[in-house]
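Structure record follows, encoded as structure tokens.
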Amino acid sequence: MSKPRDERHRDLFQPPLDQIIDMKHPLVRLCQEIDWGFFDKRFSAACQAGPGHPPLPTQLVAGLLILKHMHDLSDEALCARWVENPYYQYFCGEESFQHGLRFDRSSLTRWRQRLGEEQLSALLQESLSVAHKTGALAAKDLERVAVDTTVQPKNVAFPTDVRLMHKALVTLVRLAKKHDVPLRQSYVRVAKRAAIMAGRYAHAKQFKRFNREVRFLRTRLGRVIRDIRRKTAGEAELEAVFAVPLSRADQVRQQRQRQRGWKLYSLHAPEVECIGKGKARAPYEFGCKVSVATPVTRPKGGQFVLHAGALHGNPYDGHTLGPVVAAMEQLTGVEVHRIHVDKGYRGHSYENKFRVWISGQVRRVTKTIRREMKRRAAIEPVIGHIKAVHRMDRNYLKGRDGDRANAVLAAAGFNFRLLIRWLEALWRALFEAFLKAPFILQTA
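Mapped onto the working numbering, the consecutive letters of the sequence shown carry residue numbers 5 to 448.
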């Protein structure tokens with residue numbers, strides 16, 4: 005990869021974008037406040053000299069990622085809206101209106117994979133910098149924070165033994181047909197009927213009949229696994245093709261509902277974990293745990309997200325506090341003096357334990373700290389908005405790298421949306437003050 009190309013130039017036969025759009029639009033003002041050169045420096049690590057086509061301009065890529073998570077758009081919807089929205093094109097650095105895409109939709113996927121969580125955190129860092137520069141966030145708001153965890157669900161169906169075994173069988177049969185591996189019997193038709201009947205028996209609470217269908221599926225899946233292993237034995241190329249599907253199918257066949265230890269909950273996303281949060285409507289969620297930090301004060305621009313990061317392995321909340329606070333201090337450059345958490349962090353391993361206050365704590369609580377402890381609950385609606393409006397409620401990105409990237413991008417999208425609202429309110433206040441000024445002068 006070489007240095008990112010920048011082919012943007014003013015078309016002599018078309019009017020420039022700054023002459024056909026409203027330059028007082030909040031998205032235009034946000035574009036002017038962002039330091040795009042900062043992204044050039046941070047993304048340069050992913051653009052090394054070498055053969056290949058030069059990548060896209062960093063402002064185009066960063067702008068697309070911001071717009072995607074700020075407005076909860078898929079890659080397809082983002083590309084369609086970018087073509088028809090001149091404000092989106094101006095935000096991404098275009099000089100004149102473009103009637104077609106200057107990039108391929110798959111470029112977004114490749115840029116996310118190329119940058120990773122470490123480089124994508126520059127979007128979150130720049131959102132906090134713009135908030136501080138425009139007065140929406142003060143330095144003192146970064147010293148007292150609230151930290152909490154939530155679940156980022158993966159785009160998987162609710163895992164059941166019947167569904168997993170049926171999908172494993174169908175996947176193996178389809179793969180065997182693709183590579184011309186003859187099977188003695190596929191069991192696809194009878195397995196489908198067994199899966200349907202198992203669901204009906206479970207709904208009717210006829211568990212003896214349900215268990216019979218489960219045993220039927222488990223037996224047929226085992227036959228297909230053994231048949232494929234016999235037919236591919238001694239052929240290195242076929243063994244390599246069937247290695248991962250066979251191991252996952254064997255894991256699905258052997259695991260039980262109440263067993264301890266690691267379990268496979270999705271064939272296409274083996275990194276999915278089962279996390280119990282104690283909710284009545286959803287006792288278990290399937291995805292990964294994410295830590296979120298916000299100010300415990302009342303910033304002028306709203307409750308900005310100071311840090312967001314995926315935590316794999318379903319760790320205990322108290323053991324994640326130290327790394328999360330260290331990463332947040334590195335991101336903001338401000339030392340944290342007070343940390344407010346809920347009772348899920350009892351028994352934490354944070355080294356400065358006197359800087360941590362847990363909900364319901366009585367000792368060492370002053371009036372100021374009690375007031376901040378009441379504000380700790382303000383992090384809950386922030387988490388709700390990030391999940392509902394900024395694509396954290398269902399993660400479509402692949403693998404653990406996708407989990408980490410989606411958490412950071414969702415937090416950055418939330419912050420930039422708050423900045424849009426702040427710039428709108430700021431411009432409205434300046435406009436109202438300007439209208440009132442002549443009236444004040446006349447009365448004086």
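Ideal placement from N, C-alpha and C gives every residue a C-beta, glycine not left out. These numbers come from a predicted model, not from an experiment.
Open item on the list: Suppose the cutoff is 7 angstroms on Cβ atoms and the five residues either side in sequence are ignored; what does the same chain contact list for Val-151 look like?
Closed with: Mapped onto the sequence shown, residue 151 falls at position 147. Closer than 7 angstroms at Cβ, skipping near neighbours: Ser-295, Ala-297, Leu-325, Val-328, Ile-343 and Val-345.
Open item on the list: Going by DSSP, what residue range makes up the beta strand (DSSP E) through Asp-152?
Closed with: Translated into the one-based positions of the sequence shown, residue 152 becomes position 148. According to the DSSP assignment, Asp-152 belongs to the beta strand (DSSP E) that extends over 148-157.
Open item on the list: Please state the DSSP three-state secondary structure of Leu-445.
Closed with: As a first step, residue 445 must be located in the sequence shown, where it is residue number 441. Note that Leu-445 scores a pLDDT of 46, beneath 50, so its modelled location is shaky; the value from the coordinates is reported in the next line. If DSSP states are grouped into helix, strand and coil, Leu-445 belongs with the helices.
Task: Candidates Lys-171, Thr-153 and Ala-172, of which the one nearest Glu-384 by Cα - done: Sequence index remark: in the sequence shown, residue 384 carries index 380 (1-based). Ranking the options by Cα distance to Glu-384, first place goes to Thr-153.
Task: Range covered by the alpha helix (DSSP H) that runs through Pro-30 - done: Residue mapping note: residue 30 aligns to position 26 of the sequence shown, counting from 1. It spans 30-37 - the alpha helix (DSSP H) in which Pro-30 sits, taken as one unbroken run.
Task: One or two residues paired with Pro-385 in a DSSP bridge - done: Here residue 385 refers to the residue found at position 381 when the sequence shown is read from its first residue. None; Pro-385 has no bridge partner.
Open item on the list: According to DSSP, simplified to helix, strand and coil, what is Arg-342?
Closed with: As a first step, residue 342 is located in the sequence shown; it is residue number 338 there, counting from the start. Residue state, collapsed to three classes: strand.
Task: CB-CB length for Val-338 against Glu-147, believed under 8 angstroms - done: Sequence index remark: in the sequence shown, residue 338 carries index 334 (1-based). Sequence index remark: in the sequence shown, residue 147 carries index 143 (1-based). So it is a contact: roughly 6 angstroms between Cβ atoms.
- [ ] Specify, as a first and last residue, the run of the alpha helix (DSSP H) that Pro-279 falls within.
- [x] Reading the sequence shown from its first residue, position 275 is the one you call residue 279. According to the sequence shown, residue 279 is Ile rather than Pro. It is not in any alpha helix (DSSP H) - Ile-279 instead sits in the beta strand (DSSP E) that spans 277-280.
Task: Limits of the unbroken alpha helix (DSSP H) element including Ala-195 - done: The count along the sequence shown starts at 1 and reaches residue 195 at position 191. It spans 192-207 - the alpha helix (DSSP H) in which Ala-195 sits, taken as one unbroken run.
- [ ] Between the Cα of Asp-22 and those of Gly-97, Lys-304 and Ala-312, spot the shortest distance and give me the residue it belongs to.
- [x] Position 18 of the sequence shown, counting from 1, holds the residue named residue 22. Checked all of Gly-97, Lys-304 and Ala-312; the closest Cα to Asp-22 is Gly-97.
Task: Classification of Trp-266 by the beta-carbon crowding that lies within 10 angstroms, buried from 16 upward - done: Taking the sequence shown and counting its residues from 1, one reaches residue 266 at position 262. Classification of Trp-266: exposed, given that the 10 Å Cβ count is below 16.
- [ ] Could you tell me whether the Cβ atoms of Val-228 and Ser-190 are closer together than 9 angstroms?
- [x] Numbered from 1 along the sequence shown, position 224 holds the residue referred to as residue 228. Numbered from 1 along the sequence shown, position 186 holds the residue referred to as residue 190. Taking 9 angstroms as the Cβ cut-off, Val-228 and Ser-190 qualify as a contacting pair.
TODO: Take the Cβ of Gly-351 as the centre, count every other Cβ of all protein chains shown within 10 Å, and call the residue buried at 16 or more, exposed below.
DONE: Position 347 of the sequence shown, counted from the start, is the residue given in the question as residue 351. Its Cβ having fewer than 16 others within 10 Å, Gly-351 is exposed.
TODO: Classify His-103 as buried or exposed, calling it buried when 16 or more other Cβ atoms lie within 10 Å of its own Cβ.
DONE: One-based indexing of the sequence shown puts residue 103 at position 99. By the 10 Å Cβ count, His-103 comes out exposed.
Task: Neighbour-count burial assignment, Arg-395, 16 or more Cβ in a 10 Å radius - done: By one-based count along the sequence shown, residue 395 stands at place 391. Counting Cβ neighbours within 10 Å, Arg-395 comes out buried, since at least 16 surround it.
Open item on the list: If you follow the alpha helix (DSSP H) that Glu-376 is in, where does it begin and where does it stop?
Closed with: Locating residue 376 in the sequence shown gives position 372, where the first residue counts as 1. Per DSSP, the continuous alpha helix (DSSP H) segment holding Glu-376 begins and ends at 371-379.
Task: Cβ separation of Val-32 and Tyr-94, assumed to be a contact under 8 angstroms, to the nearest whole Å - done: Numbered from 1 along the sequence shown, position 28 holds the residue referred to as residue 32. Numbered from 1 along the sequence shown, position 90 holds the residue referred to as residue 94. The Cβ separation is near 6 angstroms, so the contact holds.
Open item on the list: For the structure I just gave you, are there three or more beta carbon pairs, one from the region 125-132 and one from the region 409-423, closer than 8 angstroms?
Closed with: yes
TODO: Could you work out which residue in Pro-249, Cys-35 and Gly-120 is closest to Pro-274 when comparing CA atoms only?
DONE: Here residue 274 corresponds to residue number 270 of the sequence shown, with the count starting at 1. Minimum Cα distance to Pro-274 is reached at Pro-249.
Open item on the list: Please report the distance separating the alpha-carbon of Val-65 from that of Leu-427.
Closed with: Residue 65 sits at position 61 when you count from the first residue of the sequence shown. Residue 427 sits at position 423 when you count from the first residue of the sequence shown. So the alpha carbons of these two residues sit roughly 23 angstroms apart.
- [ ] Keeping to the same chain, check which residues put their C-beta closer than 8 angstroms to that of His-341; ignore five residues upstream and five downstream.
- [x] On the sequence shown, position 337 is the one that residue 341 refers to. Cβ neighbours of His-341 beyond the five flanking positions: Glu-147, Arg-148 and Arg-359.
Open item on the list: Starting from Ser-133, trace the alpha helix (DSSP H) in both directions and tell me its first and last residue.
Closed with: As a working note, residue 133 is residue 129 in the sequence shown. 110-137 is the span of the alpha helix (DSSP H), which, as asked, contains Ser-133.
Open item on the list: Using C-beta distances below 6 angstroms, list every residue in its chain close to Arg-116, excluding the 5 sequence neighbours before and after it, in chain order.
Closed with: As a working note, residue 116 is residue 112 in the sequence shown. Closer than 6 angstroms at Cβ, skipping near neighbours: Ala-409.
- [ ] Using a threshold of 9 angstroms, state whether the C-beta atoms of Arg-425 and Gly-305 are closer than that.
- [x] Indexing the sequence shown from 1 puts residue 425 at position 421. Indexing the sequence shown from 1 puts residue 305 at position 301. A distance below 9 angstroms separates the beta carbons of Arg-425 and Gly-305.
Task: Pro-19, buried or exposed, once every other Cβ within 10 Å from all chains shown has been counted against 16 - done: Along the sequence shown, one-based indexing puts residue 19 at 15. Exposed, since its Cβ has fewer than 16 Cβ neighbours within 10 Å.
TODO: For my contact list, Lys-293 and Leu-315 are in at a C-beta cut-off of 8 angstroms; report their separation, rounded to the angstrom.
DONE: As a working mapping, residue 293 is identified with position 289 in the sequence shown. As a working mapping, residue 315 is identified with position 311 in the sequence shown. Their Cβ separation, rounded to whole angstroms, is 4 angstroms, which keeps Lys-293 and Leu-315 in contact under 8 angstroms.
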